[in-house]
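Asker: The structure under discussion is supplied below as C-alpha cells; questions concerning it will follow.
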Amino acid sequence: MEECGFPLDSVCFKLGKVYRNVQRYYETNLQSFGLTPVQYFVIMNLYHHDGMKFKDLANALSIEGPTLTGLLDRMERSGFLERRGDPEDRRSVLVYLTDKGKLIGPKIHNLAGQLDEKLRTQFSNRDFELFLNILDRIEVPEK
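Its first residue numbered 344, the sequence shown is counted upward by one per residue in the numbering used here.
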C-alpha cells in the first residue's frame, strides 16, 4: 500500500473537509428554525417513523444512548418532541414529534434531497451510485 506523504492528501482529511462543508450547508439552512444538523436528522427520522423506540433512533443516527438522551432533553425543552413509555414494553421509551415538530417537518423535509441533487450534478449517474456504494462500505476501526 502506498503511504500518504502529506496529511492534506489523506482520506480522513478529505472526508473531514467534505463533512465540514455539509455541516455548514445544514447549519445555514436550519438556522431560521432554531435547529442543529443532528436535531434535523432526529426530526426527519421521527417525521417518517413517529413513535420510534429510543434504541432504534440511536441506531438510526449512529450515536450512543447517553448522547441521544442529552439531545432529546434539549429538543423536548424546545417543544419539538416528547418521550413516552412503551405500553408493550415498560423498559422501552418511544419518541414522538409534538405538533411543533410535525409543523417543522414538511418545511425542512427536502434539505437532504436538495443537497443530494446539487452533489449529483458533479458526477455521472454511474459515478454517483458508485460513490454511494463506497460510502456504505466504509468501516472505520476503533483502534
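From the three backbone atoms N, C-alpha and C, an ideal C-beta is built for every residue, glycine too.
Give a yes or no on contact between the segment 382 to 398 and the segment 470 to 484, applying the rule of three or more CB pairs nearer than 8 Å.
Answerer: The segment 382 to 398 vs the segment 470 to 484: no contact.
Asker: According to the neighbour-count rule (16 or more other Cβ atoms, all chains shown, within 10 Å of its Cβ), is Phe423 buried or exposed?
Answerer: In the sequence shown, residue 423 corresponds to position 80, counting from 1. Flag for Phe423 reads buried.
Asker: Using CA coordinates, which residue listed in Arg363, Arg367 and Val385 is at the minimum distance from His452?
Answerer: On the sequence shown, position 109 is the one that residue 452 refers to. Considering only alpha carbons, the answer is Val385.
Asker: Taking the alpha helix (DSSP H) that Glu419 belongs to, which residues open and close that run?
Answerer: Here the question's residue 419 lines up with position 76 in the sequence shown. Counting along the chain, the alpha helix (DSSP H) containing Glu419 begins and ends at Gly408 to Arg420.
Asker: Going by beta carbon distance, what residues of the same chain come within less than 6 Å of Arg427, once the five residues before and after it are set aside?
Answerer: Counted from its first residue, the sequence shown places residue 427 at position 84. These residues qualify, in order along the chain: Leu437.
Asker: Taking Arg420 as the reference, give the member of Pro409, Thr441 and Glu431 with the closest Cα.
Answerer: Numbered from its first residue, the sequence shown carries residue 420 at position 77. Closest option to Arg420, Cα to Cα, is Thr441.
Asker: For a test of the three-state rule: what should DSSP assign to Gly448, helix, strand or coil?
Answerer: Indexing the sequence shown from 1 puts residue 448 at position 105. Here Gly448 sits in helix by DSSP.
Asker: Among Asp399, Gln374, Lys461 and Val365, which has the Cα closest to the Cα of Asp429?
Answerer: Residue 429 sits at position 86 when you count from the first residue of the sequence shown. For the residues Asp399, Gln374, Lys461 and Val365, the minimum Cα distance to Asp429 belongs to Asp399.
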